[in-house]
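Chains as they are written, first to last, in the numbering used here: chain V, 139 to 458; chain P, 86 to 350.
The C-beta atom is built at its ideal place from N, Cα and C for all residues, glycine as well.
Every value quoted in this text rests on a predicted model; they were computed, and no experiment measured them.
Notes follow once the structure below has been shown.
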Amino acid sequence: MNSILVIAEQRRGELMPSSLECIGAAVELKSSNNSTVIVAIIAANASEFVSQLSLEGVDEVITIVSPVAHFQADFSEAAALSLINDRQPSLVLAPHSVDAWGYIPALATTGNYGIASDVFAIRYEDGNLIATRAAYAEKLHQELEFPSYATTVLTVRGNTFKVIEQSGNPVVSDFAAPAVDLRTKHIEYIEPEGGGEVDITQAELMLSIGRGIAEEDNVEQFAELADNMGFTLGCSRPIADNGWLPKYRQVGQSGKTVANCQVYIAMGISGSVQHMAGMKHVANIIAVNTDPEASIFSIARYGVVADIFDIAEELETHFE
Amino acid sequence: MKILVPVKQVAVLDEDFELRDDGKDVDVDFLDYELNEWDDFAWEAALQLQEQHGDVIEIVPMTVGPEEASDSLLKCLGKGGERAIRVWHESLQDSDPAVIARVIAKVAQREQADMVFAGTLASDHGYSQTGVSVAAELNWAKAAVVSKVNISPNASCIQVNRELEGGLEESIEVQCPAVLTIQLGINEPRYASLRGIKQAKAKPIEVLSHTDLGLQDSDVGIAGSRSRVRRMVMPAKGQAELIEGSVVEQAARLADIVKQLRGGV
Ligand SMILES: Cc1cc2nc3c(=O)[nH]c(=O)nc-3n(C[C@H](O)[C@H](O)[C@H](O)COP(=O)(O)OP(=O)(O)OC[C@H]3O[C@@H](n4cnc5c(N)ncnc54)[C@H](O)[C@@H]3O)c2cc1C
Numbered sequence: 139m140n141s142i143l144v145i146a147e148q149r150r151g152e153l154m155p156s157s158l159e160c161i162g163a164a165v166e167l168k169s170s171n172n173s174t175v176i177v178a179i180i181a182a183n184a185s186e187f188v189s190q191l192s193l194e195g196v197d198e199v200i201t202i203v204s205p206v207a208h209f210q211a212d213f214s215e216a217a218a219l220s221l222i223n224d225r226q227p228s229l230v231l232a233p234h235s236v237d238a239w240g241y242i243p244a245l246a247t248t249g250n251y252g253i254a255s256d257v258f259a260i261r262y263e264d265g266n267l268i269a270t271r272a273a274y275a276e277k278l279h280q281e282l283e284f285p286s287y288a289t290t291v292l293t294v295r296g297n298t299f300k301v302i303e304q305s306g307n308p309v310v311s312d313f314a315a316p317a318v319d320l321r322t323k324h325i326e327y328i329e330p331e332g333g334g335e336v337d338i339t340q341a342e343l344m345l346s347i348g349r350g351i352a353e354e355d356n357v358e359q360f361a362e363l364a365d366n367m368g369f370t371l372g373c374s375r376p377i378a379d380n381g382w383l384p385k386y387r388q389v390g391q392s393g394k395t396v397a398n399c400q401v402y403i404a405m406g407i408s409g410s411v412q413h414m415a416g417m418k419h420v421a422n423i424i425a426v427n428t429d430p431e432a433s434i435f436s437i438a439r440y441g442v443v444a445d446i447f448d449i450a451e452e453l454e455t456h457f458e
Numbered sequence: 086m087k088i089l090v091p092v093k094q095v096a097v098l099d100e101d102f103e104l105r106d107d108g109k110d111v112d113v114d115f116l117d118y119e120l121n122e123w124d125d126f127a128w129e130a131a132l133q134l135q136e137q138h139g140d141v142i143e144i145v146p147m148t149v150g151p152e153e154a155s156d157s158l159l160k161c162l163g164k165g166g167e168r169a170i171r172v173w174h175e176s177l178q179d180s181d182p183a184v185i186a187r188v189i190a191k192v193a194q195r196e197q198a199d200m201v202f203a204g205t206l207a208s209d210h211g212y213s214q215t216g217v218s219v220a221a222e223l224n225w226a227k228a229a230v231v232s233k234v235n236i237s238p239n240a241s242c243i244q245v246n247r248e249l250e251g252g253l254e255e256s257i258e259v260q261c262p263a264v265l266t267i268q269l270g271i272n273e274p275r276y277a278s279l280r281g282i283k284q285a286k287a288k289p290i291e292v293l294s295h296t297d298l299g300l301q302d303s304d305v306g307i308a309g310s311r312s313r314v315r316r317m318v319m320p321a322k323g324q325a326e327l328i329e330g331s332v333v334e335q336a337a338r339l340a341d342i343v344k345q346l347r348g349g350v
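In structure tokens, the structure reads:
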């Protein structure tokens with residue numbers, strides 16, 4: 139029978155939540171594709187994840203015991219390859235995560251599979267798989283198809299598919315992956331720098347600045363404005379990378395998720411998927427940007443197409 | 086030790102644009118091009134290694150793209166390196182990242198490169214596939230999203246940091262030869278000097294086609310791709326209420342909205 143395989147991920151003993159979203163996507167698709175859903179987990183202690191992965195709609199959970207405790211690209215690739223060979227799924231889903239970036243493209247090359255990354259919609263039309271992803275800095279969407287591939291691997295964008303809450307009763311089995319040469323070796327994890335003077339994950343009101351501020355000297359003006367408004371100052375990655383603001387103020391995939399934020403003002407931020415990962419859930423997003431097509435407007439409640447310096451200068455007069 | 090640095094000239098959409106007649110991509114008349122930001126960091130990482138270790142390290146930028154893509158190579162050569170490689174043929178049109186990776190791998194073999202430094206992703210389509218696919222084509226070790234590199238020339242392994250989610254990093258050892266995909270912020274890319282820009286124009290850019298690299302037409306373009314664009318679609322318009330008027334009016338309205346929302350918190 140046709141199957142959809144989900145490759146779940148864990149890090150340091152914790153299941154990555156994006157894995158559950160992939161399971162949600164697979165279960166949503168299974169009826170249109172008339173297939174079973176298989177979830178595989180690769181970990182040194184793989185069996186410990188079985189109950190978390192045993193969700194309604196999942197037909198089988200497969201544990202693959204890794205010889206190492208941490209993500210290792212060669213092992214993940216070889217394990218996935220031999221499992222796919224064994225089960226012949228037509229579709230393989232994995233989170234669009236940093237670990238997946240490290241081996242999924244290689245898996246598709248070695249196994250001769252179709253592939254698309256950062257996919258946020260998946261459907262079948264007349265039995266043909268169609269995946270939608272962004273293009274041109276999120277300003278357009280492209281629909282991809284994969285003719286002539288018996289198996290296609292998709293990495294799935296986070297916060298897109300629903301997580302299944304009900305537990306199920308899948309068959310559980312173990313799969314022995316082949317031994318391979320492990321060409322990278324874990325040394326240690328390096329924790330992010332400490333919280334500093336503020337914890338933006340607690341902030342309810344945030345004003346974040348992006349590359350639109352152009353120069354380091356301009357930071358001060360926005361810091362003052364945020365202060366006068368009673369907002370916490372945040373930033374996009376280039377501002378932190380340049381050292382203009384400390385890393386603990388960075389919002390996004392490699393920064394922080396502003397979990398408690400109610401109002402988020404984005405000034406001169408384009409709205410990359412990695413920035414949005416940390417703030418797109420906020421109920422009231424206000425975007426100020428000179429580019430009317432900037433993707434930040436697609437998730438904003440209020441949009442202002444204007445120069446941030448003009449707006450900031452005027453806003454100051456309202457918050458003194 | 087030779088480091089190959091594949092760079093991409095990314096496309097930036099004009100404010101108003103039209104799709105091609107087949108609806109599968111944007112009409113090239115509405116695109117501007119620039120060097121992919123991530124590749125600027127990758128090239129800088131190579132330049133810094135060469136400065137540290139001298140001539141035992143050779144660095145070569147390459148791109149897959151038409152004549153215009155030479156601008157990106159010139160930008161690299163303006164900062165260093167002695168030569169560059171550009172691969173193009175019309176049958177490479179509409180290639181997906183898997184095909185681009187196949188071409189880069191062939192160049193790496195031809196050059197007998199020891200390392201490939203690719204960008205983590207490109208800002209136009211954000212595939213984040215190319216570098217790691219190159220590693221598979223070559224059967225080399227790989228590390229993606231690298232935020233720190235520590236290399237001694239000719240050592241059998243190197244130490245790098247991978248940047249994970251939430252600012253966590255992982256330090257790992259990687260066996261050589263290897264492909265690294267380089268992340269933003271790993272260094273501070275320099276600006277080319279005027280003299281450098283001038284000198285770059287005299288540096289050779291070797292132009293190759295896929296057949297020069299031993300690839301067939303069926304290996305490239307749509308035929309060789311692992312995905313095929315069906316169509317481009319405009320995303321549904323967001324729900325944003327646009328605040329219009331003069332700057333004074335916009336700011337006043339914004340202030341009202343902020344005060345009202347702030348009151349609710
Ligand atoms: C693995 C990985 C992790 C990442 N993690 C993060 C992360 O945690 N956080 C993050 O932010 N990014 C992250 N990034 C980087 C991300 O891809 C983008 O490069 C980044 O978000 C861009 O920041 P920006 O929007 O400020 O800059 P840009 O994309 O350059 O946008 C600047 C915007 O400012 C506008 N603008 C310019 N001047 C003005 C003006 N005067 N007035 C009004 N508007 C103006 C422009 O129209 C443009 O829209 C990550 C990338 C990778 C690969």
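{"Query": "Bridge partners - Gln-388 of chain V, DSSP secondary structure assignment", "Result": "V:Cys-373"}
{"Query": "Distance cut-off 8 Å: Asn-427 of chain V Cβ against heavy atoms of ligand 1", "Result": "yes"}
{"Query": "Chain-ordered neighbours of Asp-448 of chain V on chain P, where CB pairs are closer than 7 Å", "Result": "Val-332"}
{"Query": "Chain P within 9 Å of Ala-246 of chain V, Cβ atoms only", "Result": "yes"}
{"Query": "Chain P contact for Ala-288 of chain V (CB, 9 Å cutoff)", "Result": "no"}
{"Query": "Under 7 Å (Cβ pairs) to chain V, residues found in the stretch 255 to 277 of chain P", "Result": "Glu-255, Ser-256, Ile-257, Glu-258, Val-259, Gln-260, Leu-269 and Gly-270"}
{"Query": "Start-to-end residues for the beta strand (DSSP E) that takes in Pro-262 of chain P", "Result": "Segment: none, Pro-262 of chain P is in no beta strand (DSSP E) and carries neither H nor E."}
{"Query": "Pro-182 of chain P Cβ short of 8 Å to ligand 1 heavy atom set", "Result": "no"}
{"Query": "Contact set for Thr-248 of chain V: own chain, Cβ-Cβ below 8 Å, skip 5 residues either direction", "Result": "Glu-215 and Leu-219"}
{"Query": "Whether Pro-151 of chain P touches Trp-128 of chain P by CB criterion (9 Å)", "Result": "no"}
{"Query": "Selection of the stretch 198 to 211 of chain P by Cβ proximity to chain V, strictly under 9 Å", "Result": "Thr-205, Leu-206, Ser-208, Asp-209, His-210 and Gly-211"}
{"Query": "Distance between Glu-254 of chain P and Ala-130 of chain P (C-alpha atoms, nearest Å)", "Result": "18 Å"}
{"Query": "Rounded separation between Phe-115 of chain P and Lys-93 of chain P - CA only", "Result": "18 Å"}
{"Query": "Cβ-heavy atom distance, Ile-403 of chain V to ligand 1, below 8 Å", "Result": "no"}
{"Query": "First and last residue of the uninterrupted alpha helix (DSSP H) at His-138 of chain P", "Result": "122 to 138"}
{"Query": "Whole-Å CB distance - Leu-363 of chain V paired with Ala-450 of chain V, under 8 Å assumed", "Result": "5 Å"}
{"Query": "Below-9 Å beta-carbon distance, Asn-183 of chain V vs any chain P residue", "Result": "no"}
{"Query": "CB contact check: Leu-177 of chain P to chain V, cutoff 9 Å", "Result": "no"}
{"Query": "Neighbour-count burial assignment, Ala-190 of chain P, 16 or more Cβ in a 10 Å radius", "Result": "buried"}
{"Query": "Sequence-distant residues of its chain with Cβ nearer than 6 Å to Glu-260 of chain P (five each side left out)", "Result": "Correcting the residue identity first, residue 260 of chain P is Gln in this sequence and not Glu. Contacts found: Ala-226 and Cys-242."}
{"Query": "Cβ-based neighbour list, Leu-320 of chain V, same chain, cut-off 8 Å, excluding 5 preceding and 5 following", "Result": "Pro-205, Val-206, Gln-210, Asp-212 and Phe-213"}
{"Query": "Rounded separation between Leu-223 of chain P and Leu-177 of chain P - CA only", "Result": "20 Å"}
{"Query": "Ala-308 of chain P versus Leu-298 of chain P: straight-line alpha-carbon distance, rounded", "Result": "17 Å"}
{"Query": "Cα-Cα separation between Phe-187 of chain V and Val-230 of chain V, rounded to whole angstroms", "Result": "19 Å"}
{"Query": "Terminal residues of the beta strand (DSSP E) in which Leu-98 of chain P lies", "Result": "94 to 98"}
{"Query": "Among V:Leu-267, V:Lys-168 and V:Gly-296, the one whose alpha carbon lies nearest that of Pro-285 of chain V", "Result": "V:Leu-267"}
{"Query": "Contacts of Trp-239 of chain V in chain P (Cβ-Cβ under 7 Å)", "Result": "Ser-213, Val-217, Ala-229 and Val-230"}
{"Query": "Contact test: Ala-244 of chain V Cβ vs ligand 3 heavy atom, cutoff 8 Å", "Result": "For the structure depicted, ligand 3 is absent and the ligand set comprises only ligand 1."}
{"Query": "Backbone CA spacing between Phe-102 of chain P and Ala-182 of chain V [nearest angstrom]", "Result": "51 Å"}
{"Query": "Top-ranked residue by Cα proximity to Gly-281 of chain P, from P:Leu-89, P:Gly-211, P:Cys-161 and P:His-174", "Result": "P:Cys-161"}
{"Query": "Range of the contiguous beta strand (DSSP E) that encloses Glu-329 of chain P", "Result": "Unbroken run through Glu-329 of chain P: none, as it is neither H nor E."}
{"Query": "Closest residue to Leu-300 of chain P among P:Val-172, P:Ala-229 and P:Gln-324 (Cα-Cα distance)", "Result": "P:Val-172"}
{"Query": "Of the residues V:Asn-250, V:Ser-156 and V:Ala-314, the one placed nearest Ile-200 of chain V, counting alpha carbons only", "Result": "V:Ala-314"}
{"Query": "Members of the stretch 311 to 333 of chain P near chain V, C-beta cut-off 9 Å", "Result": "Arg-311, Ser-312, Arg-313, Val-314, Arg-315, Arg-316, Met-317, Val-318, Met-319, Pro-320, Ala-321, Lys-322, Gly-323, Gln-324, Ala-325, Glu-326, Leu-327, Ile-328, Glu-329, Val-332 and Val-333"}
{"Query": "Those runs of the beta strand (DSSP E) which lie wholly inside the stretch 188 to 236 of chain V and span at least 3 residues", "Result": "198 to 203 and 229 to 233"}
{"Query": "Of the listed residues V:Gly-368, V:Asn-366, V:Thr-395 and V:Gln-359, nearest to Ser-374 of chain V (C-alpha basis)", "Result": "V:Thr-395"}
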